[in-house]
Amino acid sequence: MAAKLDELDLRLLGELQQNNQLSMAELAERVNSSPATCIRRVRRLREEKVIIADVSIIDPAALGRTMTVIVEVNIERERADLIELFKKSVLKCDQISHCYYVTGDADFVLFVHVADMEEYDEIISRLFHDNGNIKQFKTLVAIRRVKNSTRFPIRRFVDS
Numbered sequence: 001m002a003a004k005l006d007e008l009d010l011r012l013l014g015e016l017q018q019n020n021q022l023s024m025a026e027l028a029e030r031v032n033s034s035p036a037t038c039i040r041r042v043r044r045l046r047e048e049k050v051i052i053a054d055v056s057i058i059d060p061a062a063l064g065r066t067m068t069v070i071v072e073v074n075i076e077r078e079r080a081d082l083i084e085l086f087k088k089s090v091l092k093c094d095q096i097s098h099c100y101y102v103t104g105d106a107d108f109v110l111f112v113h114v115a116d117m118e119e120y121d122e123i124i125s126r127l128f129h130d131n132g133n134i135k136q137f138k139t140l141v142a143i144r145r146v147k148n149s150t151r152f153p154i155r156r157f158v159d160s
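Residue numbering for the sequence shown follows the UniProt record's numbering, beginning at 1 and increasing consecutively.
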């Protein structure tokens, strides 16, 4: 169920998505409110799980993970226990940053960050070749990152 957010909540979320290290005084100034109101609102947004994490975004290339690989995975049998086993194996793999269970031609889409093809080969051997429920997988190697954002488009809701 969607949270009930007013214009101030949306302005707060917009600012926090750009920089969650602002002091409450700085945040209050940017959203035209008081620090006490901002503290109360941000606390509520966290309690209601509108804000689910406060993190630092790290560039994988800075850690030697210069290759991004998008993998479409098709499973053989869509049994709940087999799907759960695959999900658990994905959760254990640190190189996978995103995994989506999807509709369409693929069953899962993974975003994998590796240093080189040798590292990717080790991952596919472990996750796909050793799993009898993987029907097939398709590898797409990213040439260049065009957009990579964790921001949600708040302005669409503010301007509406």
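Glycine included, every Cβ here is placed at the ideal spot set by N, Cα and C.
Given the structure is predicted, the values throughout are model-derived calculations rather than measurements.
In this structure, does DSSP put residue i in helix, strand or coil?
{"i": "T139", "result": "strand"}
{"i": "C93", "result": "coil"}
{"i": "E7", "result": "helix"}
{"i": "I39", "result": "helix"}
{"i": "F111", "result": "strand"}
{"i": "V50", "result": "coil"}
{"i": "E78", "result": "coil"}
{"i": "V69", "result": "strand"}
{"i": "I123", "result": "helix"}
{"i": "I57", "result": "coil"}
{"i": "I83", "result": "helix"}
What residue from the options has the CA that sits closest to residue i's CA?
{"i": "Y120", "options": "V71, V31, I58", "result": "V71"}
{"i": "R44", "options": "D6, D130, I96, Q18", "result": "D6"}
{"i": "V112", "options": "I154, A106, T66, A80", "result": "T66"}
{"i": "N32", "options": "L12, D130, I83, C99", "result": "L12"}
{"i": "S149", "options": "K4, L8, Q18, D9", "result": "Q18"}
{"i": "I83", "options": "R30, I134, I143", "result": "I134"}
{"i": "V109", "options": "E48, K138, V55", "result": "K138"}
{"i": "I75", "options": "Q95, M24, H129", "result": "H129"}
{"i": "Q95", "options": "S125, R40, P60", "result": "P60"}
Where residue i and residue j are concerned, what is the direct C-alpha to C-alpha distance, given to the nearest angstrom?
{"i": "S34", "j": "A28", "result": "5 Å"}
{"i": "T68", "j": "K92", "result": "18 Å"}
{"i": "residue 161", "j": "R145", "result": "Beyond the ends of the chain as shown, which are 1 and 160, falls residue 161; an answer cannot be given."}
{"i": "D116", "j": "I52", "result": "32 Å"}
{"i": "D9", "j": "R77", "result": "44 Å"}
{"i": "F152", "j": "A3", "result": "15 Å"}
{"i": "G104", "j": "R30", "result": "43 Å"}
{"i": "C99", "j": "L85", "result": "14 Å"}
{"i": "R79", "j": "I143", "result": "35 Å"}
{"i": "Q21", "j": "G64", "result": "26 Å"}
{"i": "L140", "j": "D81", "result": "28 Å"}
{"i": "A25", "j": "A106", "result": "47 Å"}
{"i": "S125", "j": "K87", "result": "16 Å"}
Between residue i and the ligand FAD, is there a pair consisting of the residue's CB and a ligand heavy atom that are separated by less than 7 Å?
{"i": "E119", "result": "Looking at this structure, you won't find the ligand FAD or any other ligand, since it has none at all."}
Could you pull out every residue in the same chain whose Cβ sits closer than 6 Å to the Cβ of residue i, ignoring the five residues on either side in sequence?
{"i": "S89", "result": "L127"}
{"i": "V50", "result": "A3"}
For residue i, I'd like the list of residues in its chain whose CB is within less than 7 Å of its CB, leaving aside the five on either flank, ordered along the chain.
{"i": "I57", "result": "T150"}
{"i": "M97", "result": "Reading off the sequence shown, one finds Ser at residue 97, where the question assumed Met. The answer, listed in chain order, is F111, H113."}
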